[in-house]
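Below is one structure, written out as structure tokens, with a few remarks after it.
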Amino acid sequence: MSAAKALLHPAAKPLVFVLSLLPFAWLFYAAATQNLGANPQEHLIRSTGDWTLRFLCLTLAVTPARVVLKLPTLQRFRRMLGLFTYFYVVLHFLSYSWFDQGFDWPEIVKDIAKRPFILVGFAAFLLLTPLAATSFNRAVKALGAKRWQALHRLVYAIALLGILHFFWMRAGKNNFAEVAVYAAILAVLLGWRVKEALRKRASRSPAPPGRDVRTARSVARQESRV
Numbered sequence: 043m044s045a046a047k048a049l050l051h052p053a054a055k056p057l058v059f060v061l062s063l064l065p066f067a068w069l070f071y072a073a074a075t076q077n078l079g080a081n082p083q084e085h086l087i088r089s090t091g092d093w094t095l096r097f098l099c100l101t102l103a104v105t106p107a108r109v110v111l112k113l114p115t116l117q118r119f120r121r122m123l124g125l126f127t128y129f130y131v132v133l134h135f136l137s138y139s140w141f142d143q144g145f146d147w148p149e150i151v152k153d154i155a156k157r158p159f160i161l162v163g164f165a166a167f168l169l170l171t172p173l174a175a176t177s178f179n180r181a182v183k184a185l186g187a188k189r190w191q192a193l194h195r196l197v198y199a200i201a202l203l204g205i206l207h208f209f210w211m212r213a214g215k216n217n218f219a220e221v222a223v224y225a226a227i228l229a230v231l232l233g234w235r236v237k238e239a240l241r242k243r244a245s246r247s248p249a250p251p252g253r254d255v256r257t258a259r260s261v262a263r264q265e266s267r268v
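Using this note's numbering, the first residue of the sequence shown is number 43, and each one after it goes up by one.
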């Protein structure tokens, strides 16, 4: 079976859904069996944050992979991966609000305003919310294709805020290797998109003035030599 046919198989989407739930299932099982280490609260907060960033990378990788590999059917998984990105960022925020702050909302507001890395992460969470809310076909029709696309370009800003949040979280522990890996992945993915946008803009741009005249003269000279 070819890759394109495999991606169109009825079991493909359920399989991706189950695989995307595995990190949550493992964390749930580890919490239930008290296997989250010496600091289970911190482990849950960091793990859900890590999986948010991983799913964000996977979501952003769908379009480049679709184009490079010439597998348009990959696009059918992008929405699901994007919603799982939001699912894990909600878990990340709930873990912080519950285990770190005990759902003390006034203190949560103060903490967000006081600590820049939390403020940046919370901003990414807020920006991701309208993207998740408008990820359905009815939202596309209601907004119109152009406005919907403009809204969903916020994912680039979200990616930058996410990596900055991740960097500041790891900075206190001098753990920059993992940050560098995610930063490199996002740089490649965003760089590819910028390159594609510039290529499409160049292909749509009108020919420079006088180009048609110069081309006609060149053709005439070549014909006169024959």
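No residue lacks a Cβ here, since even glycine has one placed at the ideal position from N, Cα and C.
Residue i versus residue j: straight-line alpha-carbon distance, rounded
i	j	result
V255	S245	Confidence at V255 is low in this model, with a pLDDT of 42, below 50, so its placement is unreliable and no value can be given for it.
N179	M122	13 Å
Y42	L64	Residue 42 lies beyond the residue range present for the chain, which begins at 43 and ends at 268; the question has no answer from this structure.
V132	V221	21 Å
K237	A74	47 Å
K183	G79	47 Å
A45	L203	34 Å
L111	Q76	43 Å
R241	V109	14 Å
S260	R243	For S260, the predicted model reports a pLDDT of 48, less than 50, meaning its position is unreliable and no value from the coordinates is stated.
T101	P82	28 Å
Assigned secondary structure, residue i (DSSP; H/G/I helix, E/B strand, else coil)
i	result
Q76	coil
P82	helix
H51	coil
K183	helix
V255	Its pLDDT being 42, under 50, V255 is placed unreliably in this model, and the value from its coordinates should be taken loosely. Residue state, collapsed to three classes: helix.
Q117	helix
S266	Annotation note: pLDDT 40 at S266 (below 50); position unreliable, coordinate value reported separately. The answer is helix: DSSP assigns S266 an H, G or I state.
D146	coil
S177	coil
Cβ pair residue i, residue j closer than 8 Å
i	j	result
T115	L50	yes
I154	L161	yes
T90	Y130	yes
F172	L185	Checking the sequence, you will find Pro at residue 172 rather than Phe. For P172 and L185, no; Cβs fall outside 8 Å.
I205	F141	no
W210	P148	no
A201	L232	yes
Y224	C99	yes
F145	F167	no
L113	F208	no
Any non-hydrogen atom of the ligand ZN closer than 7 Å to residue i Cβ
i	result
G124	The ligand ZN is absent from the structure shown, which contains no ligands of any kind.
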